[in-house]
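If you use my numbering, the sequence shown corresponds to residues 43 to 391, in order. Glycine included, every Cβ here is placed at the ideal spot set by N, Cα and C. Here is the structure we will look at, set down as structure tokens.
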Amino acid sequence: MLHRILAAFALAVAIGSGATAQDLPKSQFKVIGLNSPTPVSIHDELPFWRKTIPDASKGAITVDVTPLDQMGIDDKTMLRLLKLGVMDFAAMDISKMAGDDPRFEACDLAGLTLDPAKARGACAAYRDVIDRQMQKNWNAKLLAFGGNTPQVFWCREVVSGLDGLKGKKIRVFNNTMRDFLGGVGGTAVSMAFAEVVPALNNGVVDCAVTGSLSGNTAGWAEVTKSIYPMSLGWSINVLAVNLNTWKRLDPKLQAFFVEQTKAYEEKMWATIRKTTDEADNCNTGKQPCTLGKLAKTTIVPVKPSEMETHKKLVEGAVLAGWAKRCGGECVREWNDTVGKALDLKAPAP
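Structure, rendered in structure tokens:
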């Protein structure tokens with residue numbers, strides 16, 4: 043009897059949810075997404091917009107989604123374009139928006155967290171701050187947080203370790219990485235993701251920072267000989283929606299997107315755990331490697347003494363540099379949110 047009741051309940055839920063999806067008004071949206079060679083784009087973002095959303099809405103919602111590198115858009119302008127309504131939804135590496143507001147790099151400062159759970163916890167603690175700043179100044183609403191594998195050093199030659207980075211020209215993509223490199227004597231070079239492979243190949247830079255699997259799927263192993271896996275963060279990305287678009291949506295559509303983006307966020311973090319686990323295998327030609335390409339790269343181990351230096355740099359140059367850019371009120375808010383989550387304290391500027 044109980045089985046019949048449960049079966050009937052399940053059927054009712056299925057019919058109810060199907061009816062809800064079919065009741066959604068027909069809608070079409072424009073989305074600009076993350077760099078296409080990255081695992082988060084390949085395995086999470088594009089399937090979400092091209093399959094999950096149309097299927098879950100029973101065809102009511104159609105989406106035109108294009109990765110930013112295929113549009114020739116500069117990463118740093120994504121939030122500005124979203125504010126103007128150039129697209130309805132946009133995904134972006136939040137730290138690249140920090141030139142406009144230092145708060146946008148606050149939960150992913152260089153080297154701040156060393157495992158996915160802590161990275162997610164830090165950004166969860168700061169979520170309301172990011173959403174507030176987006177709504178207040180950028181006509182946008184935060185819907186989801188994601189990320190990538192640890193941001194590590196890909197180098198043209200086999201480096202000796204942390205000391206081997208001294209004097210090297212190293213591609214980075216945010217201010218907090220510049221703070222970190224300043225502490226080890228490296229020269230930071232800003233460069234778009236799509237420009238890195240030719241720059242490495244031609245010796246414009248000696249090393250470049252990106253995800254341990256993002257570099258793999260983007261072909262960086264073809265122009266580098268080593269990876270130094272000292273982590274400089276997670277390239278935290280956000281999915282946001284233009285506020286004008288959001289306010290125009292039927293309440294049913296708003297509820298639908300809240301539910302779907304919540305599940306999407308969970309999937310992104312599950313992918314991060316898997317890609318982080320697989321990255322070393324893929325980069326050294328071992329199995330299992332289901333999400334990347336088999337490559338032959340030398341991984342230079344991070345010594346315990348180098349991790350001590352890493353910790354000192356994060357708690358010193360990195361936090362101090364960010365605090366100076368963000369200001370006193372910003373630092374107090376960080377200490378009450380991210381700082382509490384990680385048991386750290388940023389210094390007063």
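Here the alpha carbons of Asn279 and Phe195 stand approximately 19 angstroms from one another. Secondary structure at Asp221: helix, using DSSP grouped into helix, strand and coil.
Take the alpha-carbon of Ala164 and the one of Val105: they are about 31 angstroms apart. Annotation: the continuous beta strand (DSSP E) that includes Val231 extends over Thr229 to Ser232. The continuous alpha helix (DSSP H) containing Trp311 extends over residues Pro293 to Asn325. Phe215 carries a coil assignment under DSSP once its states are collapsed to helix, strand and coil. Approximately 5 angstroms separates the beta-carbon atoms of Leu281 and Ala133; this is inside 8 angstroms, confirming the contact. Following the DSSP letters along the chain, one finds Gln112 inside the alpha helix (DSSP H) bounded by residues Leu110 to Met113. Assignment of beta-bridge partners to Thr259 by DSSP yields no partner. Under DSSP, Met134 shares a beta bridge with Val280. For Gly253, the enclosing beta strand (DSSP E) has its first and last residue at Cys249 to Gly253. The criterion of a C-beta distance shorter than 8 angstroms is satisfied by Val373 and Ala390. Assignment of Lys72 by DSSP, reduced to helix, strand and coil, places it in the strand class.
Val105 carries a strand assignment under DSSP once its states are collapsed to helix, strand and coil. Secondary structure at Lys183: strand, using DSSP grouped into helix, strand and coil.
Distance between Asp111 and Pro240, taken at the CA atoms: about 15 angstroms. Of the other Cβ atoms in all chains shown, fewer than 16 fall within 10 Å of the Cβ of Gln329; this residue is therefore exposed.
Taking the Cβ atoms as the reference, Thr252 lies roughly 12 angstroms from Val82, outside the contact range of under 8 angstroms. Between the C-alpha atoms of Asp221 and Leu242 there is a straight-line separation of about 22 angstroms. DSSP lists no beta-bridge partner residue for Gly370. The residue among Lys316, Gln175, Arg367 and Ser99 with its C-alpha nearest the C-alpha of Lys125 is Gln175. DSSP, reduced to helix, strand and coil, places Thr287 within a helical segment of the structure shown. The criterion of a C-beta distance shorter than 8 angstroms is not satisfied by Val247 and Lys208. DSSP places Cys197 within a strand segment (E or B) once states are collapsed to three.
Short of 8 angstroms from the beta carbon of Ile95, and not among the five residues preceding or following it, lie these beta carbons of its own chain, in chain order: Ile103, Val105 and Gln302.
Between Leu223 and the set Thr287, Lys338 and Ala250, the nearest pair of CA atoms involves Ala250. When only Cα atoms are considered, Pro346 and Glu147 end up about 27 angstroms apart. Annotation: the continuous beta strand (DSSP E) that includes Ile269 extends over Ser268 to Tyr270.
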